[in-house]
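Protein chains in written order, with the numbering used here: chain C, 300 to 412; chain V, 23 to 135.
The beta-carbon is built from N, C-alpha and C at its ideal position, and this holds for glycine as well.
This report concerns only the one structure given below.
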């Protein structure tokens, strides 16, 4: 079962920032927080990951609380194409062990005009 | 230049038949996966292969048999198909022992009638 909890759905106006929260209160010290999204009828797409520092890439920013029990994915200027289910996953990749990502139910983000 | 490609995209077949889904990745990854997404949209790992060796098997029925002829290919063969096998099957790949994310294909929608 997934070890993270997310709100089932959120709405966002196009052009505004979308802030998607995630609780991962049982995350262990060496586990990273990964975010993926799944646009309708496509495979999941990697967005960003982090351990304890805030991270930013061309797609999004990831803010992780100091106690690492929660995080927020920020899409700074949401567009209609960002409408998707967003998954927050805690994971530690192992050599030769594969990345057994356990997907929860995610947050359905709907970006509207 | 599709990174992870699956064939076929759609597969409709009758109960009791045997079918195969093929997956290929051109990312140079050493680990490949099969995930199943059911009608309720839950995405669950089925198998993972690292360097052609099975490393994750999530208590999938014996009717499902993955085969990895080389690091770039992971095929899924399903015997005696049942109605409950209807789902979208996603192939993915990654580089083990690193923080690199999983790259997913766009799925194979299997419908068993």
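- Around the Cβ of residue 34 (chain V), a 10 Å sphere holds fewer than 16 other Cβ atoms; the residue is exposed.
- When the Cα atoms are used, residue 64 (chain V) and residue 110 (chain V) turn out to be separated by approximately 10 angstroms.
- Within chain V, the residues whose beta carbon sits less than 7 angstroms from that of residue 398 (chain C) are 116, 124, listed in sequence order.
- Per DSSP, residue 365 (chain C) is not a residue of any beta strand (DSSP E), being assigned neither H nor E.
- Put simply, the backbone Cα of residue 318 (chain C) is about 14 angstroms away from that of residue 347 (chain C).
- Segment contact: the region 375-390 of chain C against the region 321-336 of chain C, three or more CB-CB distances shorter than 8 angstroms; contact assigned.
- A Cβ-Cβ separation of about 17 angstroms leaves residue 94 (chain V) out of contact with residue 128 (chain V) under the 8 angstroms criterion.
- Annotated as proximal: residue 333 (chain C) and residue 123 (chain V), with beta-carbon spacing under 8 angstroms.
- Residues of chain C with a Cβ closer than 8 angstroms to the Cβ of residue 67 (chain V) are, in chain order, 399, 400, 401.
- As DSSP reads the structure, residue 375 (chain C) sits in no beta bridge.
- In terms of beta-carbon proximity, residue 341 (chain C) lines the interface with chain V, with at least one pair separated by less than 8 angstroms.
- Secondary structure at residue 105 (chain V): helix, using DSSP grouped into helix, strand and coil.
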